[in-house]
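All letters in the sequence shown, in the order written, are residues 0 to 261 by numbering that gives the first Met the number 0.
No residue lacks a Cβ here, since even glycine has one placed at the ideal position from N, Cα and C.
Structure first, commentary second.
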Amino acid sequence: MDYGIKGQTVLIIGGARGIGYAAAELLAADGCNVALADINGEAAKASAHKLAASSGARTAGLKADVTDLEQVKAMMAAVEKDLGPLSVVVNCAAVLDDKLFADSGPADWKRMVDVCLYGPMNVIHAALPGMSARKYGRIICLASDSARIGQARLSYYAAAKAGVIALVKSVAQEAGKDGITLNVVSPGATNTELRQEREEGMRAQMGDEKYAKRVQTVLKMYPTRRIGEPVDIGAAIAFLASRNASWITGQVLSVNGGFVMP
Ligand SMILES: NC(=O)c1ccc[n+]([C@@H]2O[C@H](COP(=O)([O-])OP(=O)(O)OC[C@H]3O[C@@H](n4cnc5c(N)ncnc54)[C@H](O)[C@@H]3O)[C@@H](O)[C@H]2O)c1
0 MDYGIKGQTV LIIGGARGIG YAAAELLAAD GCNVALADIN GEAAKASAHK
50 LAASSGARTA GLKADVTDLE QVKAMMAAVE KDLGPLSVVV NCAAVLDDKL
100 FADSGPADWK RMVDVCLYGP MNVIHAALPG MSARKYGRII CLASDSARIG
150 QARLSYYAAA KAGVIALVKS VAQEAGKDGI TLNVVSPGAT NTELRQEREE
200 GMRAQMGDEK YAKRVQTVLK MYPTRRIGEP VDIGAAIAFL ASRNASWITG
250 QVLSVNGGFV MP
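If you want it as structure tokens, here you go:
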């Protein structure tokens, strides 16, 4: 697909695997330079090599912890030195817990808010000055449909993700005059390692028989009768990164097989 941004530089944070990597594949195939940053620096480098080999794109893999503004700024400066000015920044970095709120505590909340809310704040704050100066930019943050409708056992994750939605809408109002769009992609259940790790925990707790019933119950909640694949979400990210999306800003795009229709 022609996204109209050939030769431009895209940074995907939390891009070593999962949804971020799926978006990277689409944008690299279209001729973008793609940097993958992740707290797991080795995985980011390995994924960047794999992406360069499969697409022929210029890529870079870097270590950065999204919770640390200085690390995020230094990482962005290194990407720009290597691959050129950032046109598109996507934040996919996240952690997940599976706990009743009553069983959770301040350490759980802090870890979640640090990654899933301060993380996007750091990313947006670091990306804005360069994009404003160049009068062009696309920023895409990942939230979750749990932020739109609430979800048991994901309370503080959902709360942090709801914060991302408010953050993106608000900054979109400030940055539009500088040619910068900010949007949120809000996935439903998607078959990535993040989800697989949580599901394995549930299977271990519930036992195989109960877990098999849970899988069927979940599928019935999806009108399309399947959960998402990373490329389903990656395609929405790539569209919002494209030239064609220049008049879309401050929006939340649920990509969820019809799970929620807010
Ligand atoms: N998979 C789903 O079902 C689902 C559903 C709703 C929303 N989402 C959201 O989509 C996004 C991508 O999810 P995914 O399923 O691809 O997850 P994933 O775990 O496969 O990928 C997330 C990446 O973020 C990295 N990361 C974690 N903490 C980090 C930090 N502090 N700094 C930098 N990188 C860090 C991880 O190492 C990992 O490579 C996340 O924001 C997630 O909340 C996923």
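What are the start and end residues of the alpha helix (DSSP H) that includes residue i?
| i | result |
| --- | --- |
| ARG197 | 192–205 |
| TYR109 | Checking the displayed sequence, the identity of residue 109 turns out to be Lys instead of Tyr. Here the alpha helix (DSSP H) through LYS109 covers 105–112. |
| LYS160 | 154–174 |
| LYS72 | 68–82 |
| LYS44 | 40–54 |
| ILE4 | Careful: ILE4 lies outside any alpha helix (DSSP H) and carries neither H nor E. |
| LEU99 | Unbroken run through LEU99: none, as it is neither H nor E. |
| GLY178 | Run containing GLY178: none; DSSP gives neither H nor E here. |
| GLY30 | From DSSP, GLY30 is part of no alpha helix (DSSP H); its letter is neither H nor E. |
Should residue i and residue j be called a contact, given that it needs their Cβ atoms to be closer than 7 Å?
| i | j | result |
| --- | --- | --- |
| LEU252 | ALA235 | yes |
| VAL89 | ILE11 | yes |
| ALA63 | LEU116 | no |
| GLY3 | SER241 | yes |
| ASP113 | ARG197 | no |
| THR58 | ALA51 | yes |
| VAL259 | ARG152 | no |
| LEU68 | ALA43 | no |
| THR8 | GLY83 | yes |
| VAL33 | GLY118 | no |
| VAL122 | VAL71 | yes |
| PRO222 | GLY257 | yes |
| ALA101 | MET74 | no |
| VAL183 | ARG137 | no |
Where do the ends of the beta strand (DSSP E) carrying residue i lie?
| i | result |
| --- | --- |
| VAL230 | It is not in any beta strand (DSSP E) - VAL230 instead sits in the alpha helix (DSSP H) that spans 229–240. |
| VAL259 | Note, VAL259: premise wrong, no beta strand (DSSP E); not H, not E. |
| SER245 | Per DSSP, SER245 belongs to no beta strand (DSSP E) and is neither H nor E. |
Looking at chain C, is there any beta carbon in it that lies within less than 7 Å of the beta carbon of residue i?
| i | result |
| --- | --- |
| TYR210 | You won't find chain C in this structure, because it holds only one protein chain. |
Could you give the C-beta distance for residue i and residue j, rounded to a whole number, given that I count them as a contact under 8 Å?
| i | j | result |
| --- | --- | --- |
| ALA174 | LEU141 | That pair is no contact at about 19 Å. |
| GLY249 | ALA126 | About 16 Å separates the two Cβ atoms, so there is no contact after all. |
| GLY17 | CYS91 | 7 Å |
| SER169 | ALA157 | Rounded, the Cβ-Cβ distance is 19 Å, inconsistent with contact. |
Touch test, the region 100–110 against the region 14–31, Cβ-Cβ under 8 Å, three pairs minimum: no
Given 8 Å, three or more beta-carbon pairs between the region 223–242 and the region 72–81: no
Three or more C-beta pairs below 8 Å linking the region 160–167 and the region 191–210: no
Entirely enclosed alpha helix (DSSP H) segments - the region 106–150, minimum 4 residues: 118–133 and 145–148
Any 3 or more C-beta pairs closer than 8 Å across the region 123–133 and the region 178–188: yes
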